[in-house]
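Here the structure is laid out as structure tokens; the discussion comes afterwards.
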Amino acid sequence: MKPAAPPWLTVVVPVRDEAPNLRPLYRELDRSLAPRGAEVEFVFVDDGSRDASLAVLEDLARQDGRVRVLRLEERTGQSAALDAGFRAARGELVATLDADGQNDPADLPRLLAALDRADVVNGVRRPRRDALGRRLASRVANAARNRLTGEAVRDVGCSLRVMRAAYLRRVKLYRGMHRFLPTLLRLEGARVVELPVSHRRRRFGQSKYGVLDRLAGGLVDLLAVRWMQARRLDYHVRELRSAPNGQALPPPKAFPRALPR
Numbered sequence: 637m638k639p640a641a642p643p644w645l646t647v648v649v650p651v652r653d654e655a656p657n658l659r660p661l662y663r664e665l666d667r668s669l670a671p672r673g674a675e676v677e678f679v680f681v682d683d684g685s686r687d688a689s690l691a692v693l694e695d696l697a698r699q700d701g702r703v704r705v706l707r708l709e710e711r712t713g714q715s716a717a718l719d720a721g722f723r724a725a726r727g728e729l730v731a732t733l734d735a736d737g738q739n740d741p742a743d744l745p746r747l748l749a750a751l752d753r754a755d756v757v758n759g760v761r762r763p764r765r766d767a768l769g770r771r772l773a774s775r776v777a778n779a780a781r782n783r784l785t786g787e788a789v790r791d792v793g794c795s796l797r798v799m800r801a802a803y804l805r806r807v808k809l810y811r812g813m814h815r816f817l818p819t820l821l822r823l824e825g826a827r828v829v830e831l832p833v834s835h836r837r838r839r840f841g842q843s844k845y846g847v848l849d850r851l852a853g854g855l856v857d858l859l860a861v862r863w864m865q866a867r868r869l870d871y872h873v874r875e876l877r878s879a880p881n882g883q884a885l886p887p888p889k890a891f892p893r894a895l896p897r
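Residue numbering for the sequence shown follows the working numbering, starting at 637 and increasing by one per position.
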């Protein structure tokens, strides 16, 4: 099946050493988004996998023309993998989810439908199927982020979300900043809502990101986002013009603020 040009939806999936999970994930994505058929493209971004992930992805791409495979030459991290996928995305809408199979693609149609009242729909994992230590660390990190940023995002760590590409293109990601995507998108004027989504236990492989990995740079990233909020441009401007030779002019043109709330 060849993709439409341009597609309606791009699904971006960062991948690192997830070979056993990729075919089941692809089949679930294909089934969940079947009503849109050729209007969907799948962009898998391989972050320097050392297992057979790349070979599996290349095989999927040969079987389905909607599948695109990007490979980072070095292991650069999830933020870089997502950024590469966002820049390659051709759809007017962009969805993300993890490659480990813990996010359920069957939730995507419901999230996409909610875009009739929002620009970003972020999943909230209910119930969480992670180990107790990971759940507790996530709860503490969420509370700290919300306290300092003034946000009320219940599950910023959930990778299952859908977004309007027009807002996503305005965001410049830095290492680790993918954890603040809802806040960064809101800074660009996007309306953000959250919906509960399923969360499943990992069937194959192990998590590539430990609790300490997330906490190590989390505070610095959080302070950076808080600085961005405090220093963002927020203004209104109106163009005033004089009427030549007494001729009537249309009403003055109003420009929106540079970065609306």
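Don't be surprised by glycine CBs; every beta carbon is placed ideally from N, CA and C.
Being a predicted model, the structure only gives us computed values, none of them experimental.
CB residue i to CB residue j, shorter than 8 Å?
i: Gly727; j: Trp644; result: yes
i: Glu654; j: Ser689; result: yes
i: Arg762; j: Pro832; result: yes
i: Asp683; j: Arg711; result: yes
i: Leu729; j: Val828; result: no
i: Arg815; j: Val789; result: no
i: Leu823; j: Val756; result: no
i: Leu708; j: Tyr662; result: no
Using CA coordinates, which residue listed in the options is at the minimum distance from residue i?
i: Ser685; options: Arg837, Arg652 and Glu664; result: Arg652
i: Gly601; options: Ser795, Val807, Lys808 and Phe816; result: Nothing about residue 601 can be reported from this structure: the residues present for the chain run from 637 to 897 only.
i: Tyr810; options: Arg839, Phe840 and Leu858; result: Leu858
i: Ala735; options: Phe678, Ala725 and Val789; result: Phe678
i: Leu706; options: Pro650, Val730, Val756 and Leu658; result: Pro650
i: Leu748; options: Gly793, Leu696, Val792 and Ala801; result: Ala801
i: Leu658; options: Ala826, Leu820 and Val692; result: Val692
i: His835; options: Ala826, Gly759 and Val681; result: Gly759
i: Met813; options: Arg838, Arg837, Met864 and Val873; result: Met864
i: Ala674; options: Pro642, Glu694 and Pro656; result: Pro642
i: Leu733; options: Glu694, Thr646 and Asp687; result: Thr646
Quick one: Cα of residue i to Cα of residue j, how far?
i: Glu875; j: Leu869; result: 18 Å
i: Arg723; j: Arg862; result: 25 Å
i: Val807; j: Ala716; result: 13 Å
i: Arg667; j: Ala754; result: 25 Å
i: Leu751; j: Gly713; result: 29 Å
i: Val648; j: Ala860; result: 25 Å
i: Phe840; j: Leu817; result: 27 Å
i: Leu718; j: Phe680; result: 9 Å
i: Arg837; j: His872; result: 48 Å
i: Arg867; j: Val676; result: 38 Å
i: Pro656; j: Ala731; result: 22 Å
i: Leu669; j: Arg746; result: 11 Å
i: Thr819; j: Ala826; result: 9 Å
i: Leu804; j: Glu830; result: 17 Å
i: Ala725; j: Pro660; result: 22 Å
i: Glu694; j: Asp687; result: 13 Å
query: Counting Cβ pairs closer than 8 Å, one from the region 694 to 711 and one from the region 736 to 755, do we hit at least three?
result: no
- request: Please go through the region 788 to 817 and give each complete alpha helix (DSSP H) segment of 4 or more residues, from N-terminal end onward.
  value: 801 to 804
message: Extract the residue ranges of the alpha helix (DSSP H) inside the region 679 to 755, only unbroken runs of 4 or more that lie entirely within it.
response: 689 to 699, 714 to 724 and 744 to 749
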